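**Student:** Let me give you the structure first, and then I'll get to my questions.
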Amino acid sequence: QILSFAEVQGDKRRLSRIEDRNGNQTVFHYDEHHRLTRLTHADTATLALHYTHQQLTAIDWLHAEQRQRLATCRYDNQGYLAECDAFQFHHLWHEYTPQGHMTRWHDTDKTDVTVHYDNAGRVTATTTPQGYWQDRFEYDDDNHVTTYFDAEGGCTRYHYNADGLVTRQIDPLGHETRTDWDFSCKVAETDPLGRTAAYEYSPYGELTGFTSPAGDSTVYDYNEYGQLTQTTQPDGARWRLHYSEQGNLTSVIDPQGRVEETRYGPQGEILRQVLPDGRAWRYGYEQQQLSEIQAPDGARTRFDIDGLGRLLRVTDALYQQTHYHHSPFHASPAGSVSEICLPDGVRQTIDYDSERRVSAVTDGEGRTTRYTYDAFDLLSRLTRPDGSALTFGYDRLTRLKTVTNETGDTY
Numbered sequence: 053q054i055l056s057f058a059e060v061q062g063d064k065r066r067l068s069r070i071e072d073r074n075g076n077q078t079v080f081h082y083d084e085h086h087r088l089t090r091l092t093h094a095d096t097a098t099l100a101l102h103y104t105h106q107q108l109t110a111i112d113w114l115h116a117e118q119r120q121r122l123a124t125c126r127y128d129n130q131g132y133l134a135e136c137d138a139f140q141f142h143h144l145w146h147e148y149t150p151q152g153h154m155t156r157w158h159d160t161d162k163t164d165v166t167v168h169y170d171n172a173g174r175v176t177a178t179t180t181p182q183g184y185w186q187d188r189f190e191y192d193d194d195n196h197v198t199t200y201f202d203a204e205g206g207c208t209r210y211h212y213n214a215d216g217l218v219t220r221q222i223d224p225l226g227h228e229t230r231t232d233w234d235f236s237c238k239v240a241e242t243d244p245l246g247r248t249a250a251y252e253y254s255p256y257g258e259l260t261g262f263t264s265p266a267g268d269s270t271v272y273d274y275n276e277y278g279q280l281t282q283t284t285q286p287d288g289a290r291w292r293l294h295y296s297e298q299g300n301l302t303s304v305i306d307p308q309g310r311v312e313e314t315r316y317g318p319q320g321e322i323l324r325q326v327l328p329d330g331r332a333w334r335y336g337y338e339q340q341q342l343s344e345i346q347a348p349d350g351a352r353t354r355f356d357i358d359g360l361g362r363l364l365r366v367t368d369a370l371y372q373q374t375h376y377h378h379s380p381f382h383a384s385p386a387g388s389v390s391e392i393c394l395p396d397g398v399r400q401t402i403d404y405d406s407e408r409r410v411s412a413v414t415d416g417e418g419r420t421t422r423y424t425y426d427a428f429d430l431l432s433r434l435t436r437p438d439g440s441a442l443t444f445g446y447d448r449l450t451r452l453k454t455v456t457n458e459t460g461d462t463y
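Numbering-wise (the numbering used here), the sequence shown opens with residue 53 and increments by one.
This is the structure we're talking about:
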């Protein structure tokens with residue numbers, strides 16, 4: 053990547069452009085107060101940043117004629133971020149000490165965490181109303197040991213060196229794992245059974261060798277850009293990787309000499325993958341987003357995708373179409389599909405709660421399954437279309453502990 057710093061502010065230069073080896077650019081724009089106000093990406097999408105004084109209050113996504121508010125921020129009287137509502141993630145609230153240590157955060161539902169600190173600003177405990185993650189931390193600076201007490205009574209001790217890297221870890225059962233370091237590179241790790249794995253590195257920090265506890269060694273080679281070019285397995289078998297001048301992986305040669313090739317477009321998009329037997333997959337794009345896949349037998353599947361990368365329609369090789377509609381209230385990476393219309397006309401719907409979690413799924417025959425959650429997005433109840441339900445219980449580390457059916461039987 054090429055990083056440019058053309059924005060000058062006194063004796064400082066601000067990042068103005070990032071460009072990869074395929075020519076794709078992200079450009080950073082600043083206002084007269086030297087505040088970042090716009091980011092323009094290679095696909096012409098833009099992020100617009102809004103401020104009140106020096107505080108970021110909103111971020112908008114702009115694409116063609118579309119505008120979507122991605123985040124809204126609110127601050128407390130001390131100037132700390134008190135609330136953030138993100139279109140793609142969560143709506144969270146925060147509280148702080150005068151020193152800026154976050155003492156509490158909570159969401160729109162049941163997750164509510166309180167954080168306690170010592171005089172050095174280190175976390176000493178976390179508490180929640182449900183008892184999940186009711187944890188404590190103790191610090192022994194003289195002996196370089198930190199002790200973690202989990203909510204189930206377990207005690208884990210971490211011994212660390214002068215660089216803050218963990219050299220010994222003793223778990224609640226007394227099992228000890230040892231780690232050796234060369235600066236920040238892990239060179240050896242010994243498990244509780246005394247088995248040691250060893251690691252070797254280049255002067256640039258690239259992993260060049262790994263020796264398992266059994267003594268088997270794997271060797272890794274790299275090019276001048278730090279890209280893996282060869283892996284030699286313990287039995288001597290070699291995998292070789294080749295790249296274009298732009299850094300795109302163009303071929304992989306397996307130990308039997310079989311070659312898989314990849315061809316790219318001018319902006320680094322994959323156009324064709326050629327398998328070792330000569331069969332090829334082809335890919336088409338619109339506005340730098342995948343729009344078509346052609347299988348080796350010539351069958352084509354088309355995709356319509358919105359500016360946020362969400363699937364809107366799939367047209368298969370028989371020209372049958374499946375349509376997807378998305379929630380207008382969020383674009384969670386975990387999914388925001390609110391309706392699916394299948395080629396045969398069957399319609400399925402999905403509802404979400406305030407935390408962007410699936411709360412109900414209605415199938416093509418109108419039967420609805422409902423989902424209820426506890427803190428930390430733990431599924432607490434599943435209600436089937438016939439009204440029968442399963443309830444789920446968890447321990448204080450949020451591990452599934454019990455499942456109870458509609459007759460009261462618990463497993």
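Backbone N, C-alpha and C define an ideal beta-carbon position, used for all residues, glycine too. Quick caveat: nothing in here was measured; it's all calculated off a predicted structure.
(1) If we ignore side chains and look at the alpha-carbon of each, how far apart do residue 55 and residue 248 end up?
(2) How is residue 137 classed by DSSP in three states: helix, strand or coil?
(3) Quick check on residue 440: buried or exposed, where buried means 16 or more other Cβ atoms within 10 Å of its Cβ?
(4) Less than 7 Å separating the beta-carbons of residue 163 and residue 386?
(5) Tell me whether residue 187 is buried or exposed, calling it buried when 16 or more other Cβ atoms sit within 10 Å of its Cβ.
(6) Quick check on residue 427: does DSSP put it in helix, strand or coil?
(7) Would the beta-carbon of residue 377 fall within 7 Å of that of residue 391?
(8) Just how far apart, CA to CA, sit residue 345 and residue 458?
(9) Whether or not the segment 409–419 and the segment 171–183 are in contact is what I'm after, with contact meaning three or more pairs of Cβ atoms, one per stretch, closer than 8 Å; do they touch?
(10) Within this structure, are the beta carbons of residue 258 and residue 277 separated by less than 7 Å?
(11) What residue ranges within the segment 253–334 form continuous beta strand (DSSP E) runs of no fewer than 3 residues, ordered along the chain?
(12) Once the 5 residues before and after residue 72 are set aside, which same chain residues still bring their CB inside 6 Å of it?
(13) Identify the continuous beta strand (DSSP E) that holds residue 169 and give its terminal residues.
(14) Would residue 388 be called buried (16 or more neighbouring beta carbons within 10 Å of its own) or exposed?
(15) With a CB to CB cut of under 7 Å and the five nearest residues on each side skipped, what residues in its chain are close to residue 264?
(16) Which one of 409, 373, 380, 424 has the shortest CA to CA distance from residue 41?
(17) Considering only the beta carbon of each residue, do residue 155 and residue 147 sit closer than 7 Å?
(18) Could you tell me which of 267, 194, 319, 352 sits nearest to residue 333, measuring between CA atoms?
(19) Whole-angstrom Cβ separation of residue 319 and residue 129, contact assumed at under 8 Å?
(20) Determine, using beta carbons only, whether residue 436 and residue 424 come nearer to each other than 7 Å.
(21) Expressed to the nearest angstrom, what Euclidean distance is found between the alpha-carbon atoms of residue 134 and residue 167?
(22) Report buried or exposed for residue 180, applying the criterion of at least 16 other Cβ atoms within 10 angstroms of its Cβ.
(23) Closest to residue 183 by C-alpha separation, out of 192, 384, 204, 200, would be which residue?
(24) What three-state label does DSSP hand residue 250 in the structure shown?
(25) Would you list, in sequence order, the uninterrupted alpha helix (DSSP H) runs of no fewer than 4 residues that lie entirely inside the segment 337–417?
(26) Out of 245, 236, 224, state which residue places its alpha-carbon closest to the alpha-carbon of residue 230.
(27) Using the Cα positions of residue 329 and residue 116, report the straight-line distance between them to the nearest angstrom.
(28) Below 8 Å on the Cβ atoms is my contact criterion, and I expect residue 321 with residue 340 to pass it. Report the Cβ-Cβ distance as a whole number of Å.
(29) Please classify residue 190: does DSSP put it in a helix, a strand, or coil?
(30) What separation, rounded to the nearest whole angstrom, lies between the Cα atoms of residue 227 and residue 254?
(31) If you reduce the DSSP assignment to three classes, tell me which class residue 445 lands in.
(32) Could you tell me which of 310, 191, 337 sits nearest to residue 326, measuring between CA atoms?
(33) Anyone know if the C-beta pair for residue 141 and residue 122 falls short of 7 Å?
(34) Would you list the residues sitting across from residue 110 in a DSSP beta bridge?
(35) Identify every residue that forms a DSSP beta bridge with residue 221.
(36) Short of 8 Å in beta carbon distance, which residues of its chain neighbour residue 83, apart from the five on each side in sequence? Order them along the chain.
**Tutor:** According to the data block:
(1) Within the sequence shown, residue 55 is the residue found at index 3, counting from 1. Within the sequence shown, residue 248 is the residue found at index 196, counting from 1. A direct Cα-to-Cα measurement between residue 55 and residue 248 gives close to 41 Å.
(2) One-based indexing of the sequence shown puts residue 137 at position 85. Here residue 137 sits in strand by DSSP.
(3) Numbered from its first residue, the sequence shown carries residue 440 at position 388. Classification of residue 440: exposed, given that the 10 Å Cβ count is below 16.
(4) What you label residue 163 is simply residue 111 of the sequence shown in a count that begins at 1. What you label residue 386 is simply residue 334 of the sequence shown in a count that begins at 1. No, the Cβ-Cβ distance between residue 163 and residue 386 is not below 7 Å.
(5) Taking the sequence shown and counting its residues from 1, the one referred to as residue 187 is at position 135. Per the 10 Å Cβ criterion, buried.
(6) Position 375 of the sequence shown, counted from the start, is the residue given in the question as residue 427. Helix, per DSSP.
(7) Locating residue 377 in the sequence shown gives position 325, counting from the first residue. Locating residue 391 in the sequence shown gives position 339, counting from the first residue. Yes. Within cutoff.
(8) For this step, residue 345 is matched to residue 293 along the sequence shown. For this step, residue 458 is matched to residue 406 along the sequence shown. Answer to the nearest angstrom: the Cα atoms are 46 Å apart.
(9) no
(10) Position 206 of the sequence shown holds residue 258. Position 225 of the sequence shown holds residue 277. Going by C-beta atoms, residue 258 is not nearer than 7 Å to residue 277.
(11) For secondary structure counted as the beta strand (DSSP E) over 3 or more consecutive residues, the segment 253–334 holds these complete runs in sequence order: 259–263, 269–274, 280–284, 290–295, 301–305, 311–316, 322–326.
(12) Taking the sequence shown and counting its residues from 1, one reaches residue 72 at position 20. Excluding sequence neighbours, residue 72 sits near 53.
(13) By one-based count along the sequence shown, residue 169 stands at place 117. Where residue 169 is concerned, the enclosing beta strand (DSSP E) stretches over 164–169.
(14) Numbered from 1 along the sequence shown, position 336 holds the residue referred to as residue 388. Buried is the call here.
(15) What you label residue 264 is simply residue 212 of the sequence shown in a count that begins at 1. Only 249 meet the Cβ criterion.
(16) The requested residue 41 does not occur in the structure, where the chain is confined to residues 53 to 463.
(17) Walking along the sequence shown from the start, residue 155 turns up at place 103. Walking along the sequence shown from the start, residue 147 turns up at place 95. Yes. Within cutoff.
(18) Against the sequence shown, residue 333 aligns to sequence position 281. The shortest Cα separation from residue 333 among 267, 194, 319, 352 belongs to 352.
(19) As a first step, residue 319 must be located in the sequence shown, where it is residue number 267. As a first step, residue 129 must be located in the sequence shown, where it is residue number 77. About 47 Å separates the two Cβ atoms, so there is no contact after all.
(20) Walking along the sequence shown from the start, residue 436 turns up at place 384. Walking along the sequence shown from the start, residue 424 turns up at place 372. Not in contact: residue 436 and residue 424 (Cβ atoms no closer than 7 Å).
(21) Indexing the sequence shown from 1 puts residue 134 at position 82. Indexing the sequence shown from 1 puts residue 167 at position 115. Each residue's Cα considered, the two are about 15 Å apart.
(22) In the sequence shown, the residue the question calls residue 180 occupies position 128. With 16 or more Cβ atoms within 10 Å of its Cβ, residue 180 is classed as buried.
(23) Walking along the sequence shown from the start, residue 183 turns up at place 131. Out of 192, 384, 204, 200, 204 has the C-alpha closest to the C-alpha of residue 183.
(24) In the sequence shown, counting from the first residue as 1, residue 250 sits at position 198. Three-state result, residue 250: strand.
(25) none
(26) On the sequence shown, position 178 is the one that residue 230 refers to. Ranking 245, 236, 224 by Cα distance to residue 230 puts 245 first.
(27) Indexing the sequence shown from 1 puts residue 329 at position 277. Indexing the sequence shown from 1 puts residue 116 at position 64. Answer to the nearest angstrom: the Cα atoms are 42 Å apart.
(28) Numbered from its first residue, the sequence shown carries residue 321 at position 269. Numbered from its first residue, the sequence shown carries residue 340 at position 288. About 7 Å; that satisfies the 8 Å criterion.
(29) Here residue 190 refers to the residue found at position 138 of the sequence shown. If DSSP states are grouped into helix, strand and coil, residue 190 belongs with the strands.
(30) The sequence position of residue 227 within the sequence shown is 175, counting from 1. The sequence position of residue 254 within the sequence shown is 202, counting from 1. The straight-line gap from Cα to Cα measures roughly 32 Å.
(31) Numbered from its first residue, the sequence shown carries residue 445 at position 393. It is a strand residue.
(32) Taking the first residue of the sequence shown as position 1, residue 326 is located at position 274. The residue with the shortest Cα to Cα distance from residue 326 is 310.
(33) Position 89 of the sequence shown, counted from the first residue, corresponds to residue 141. Position 70 of the sequence shown, counted from the first residue, corresponds to residue 122. No, the Cβ-Cβ distance between residue 141 and residue 122 is not below 7 Å.
(34) Mapped onto the sequence shown, residue 110 falls at position 58. Its beta-bridge partners are 102, 124.
(35) Taking the sequence shown and counting its residues from 1, the one referred to as residue 221 is at position 169. The partner list for residue 221 (beta bridge, DSSP) reads 210, 229.
(36) Translated into positions along the sequence shown, residue 83 becomes position 31. Same-chain partners within the cutoff: 89.
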